[in-house]
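> If you scroll down you'll find the structure; I have some questions about it.
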Amino acid sequence: MKAIRMRVTVVVEHQGAILLIREKSGGQPCYSLPGGSVEFLETIPEAVRREVWEETGLLVEFERMLWVDERIDTAGDGKHTIGIGVLARLVGEETAPIPGGLDDEEIDWAGWVPVEEFCTCPLYNPLRREQVIQALTETGYIPGYIGSRSQQE
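Take 1 as the starting number for the sequence shown in the UniProt record's numbering and just add one per residue.
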């Protein structure tokens, strides 16, 4: 039986700019929000902290869920991925990301992009643009997160 993959996508806004990364690739530069796979026995807030730290060297704290999406790819090896978009905030004094992140095998650049530029910059997943803008301007109900970790044998 194949496993379902879960990943987080993290929106961090600071002083009118959004934290983005650029992965190494041979083609045109394409930007993404930080994020990645949730590891076994790792909570969503833990994955958010770890992924942003690995990709940018910045410390963040989970604030709230923004969206849930699902992708089922029946071609090839048939991947099934559930994605959780979250809003996180910076913690601590440091606000300057490490330019290539701590994961220099995959990340080419990490930095702040003003919201106005974010609206037009090339994104790996252009559908995220609308979700991010909506998340930053939305009022009213936003889904929350409830999680637990059982210590039972």
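Even glycine gets a Cβ: it sits at the ideal position worked out from N, Cα and C.
Examine the Cβ distances between the region 110-120 and the region 75-93 and report whether three or more of them are shorter than 8 Å.
no
> In three-state DSSP terms, what is L41?
coil
> Let's test the definition: count the other Cβ atoms within 10 Å of the Cβ of P97 and tell me whether it reaches 16, buried, or not, exposed.
Counting other Cβ atoms within 10 Å of its Cβ, P97 reaches 16 or more and is therefore classed as buried.
> Residue 159: which of R89, N125, G27 and P122 sits nearest, CA to CA?
Lying outside 1 to 153, the shown extent of the chain, residue 159 is not represented and no answer is given.
> Indicate the three-state DSSP secondary structure (helix, strand or coil) for I133 in the structure shown.
helix
> By alpha-carbon positions, which one of V60, Q131, T137 and R50 ends up nearest to W67?
Q131
> In chain order, what residues of the same chain lie with their CB nearer than 6 Å to the CB of I133, ignoring the 5 residues before and after it?
none
> In chain order, what residues of the same chain have a beta carbon less than 7 Å from the beta carbon of residue 174, not counting five sequence neighbours either side?
The first residue shown for the chain is 1 and the last is 153, placing residue 174 beyond what the model contains.
> Shortest alpha-carbon distance to C119 belongs to which of K2, S32 and R5?
S32
> Cα separation between S148 and V52?
Any reading at S148 needs caution, since the residue's pLDDT is 48, under 50, leaving its predicted position unreliable; the model's value is listed next. Linking S148 to V52 through their CA atoms gives a straight-line distance of about 22 Å.
> Can you tell which of E55, E42 and G27 has the C-alpha that lies nearest to the C-alpha of G35?
Distance check between G35 and each of E55, E42 and G27 places E55 closest, using alpha-carbon atoms only.
> My assumption, with CB atoms under 8 Å, is that V48 sits in contact with V8. Please give the rounded CB distance.
Correct: roughly 5 Å between the Cβ atoms.
> Considering only C-alpha positions, which residue in the set C30, P122 and E116 is nearest to E106?
C30
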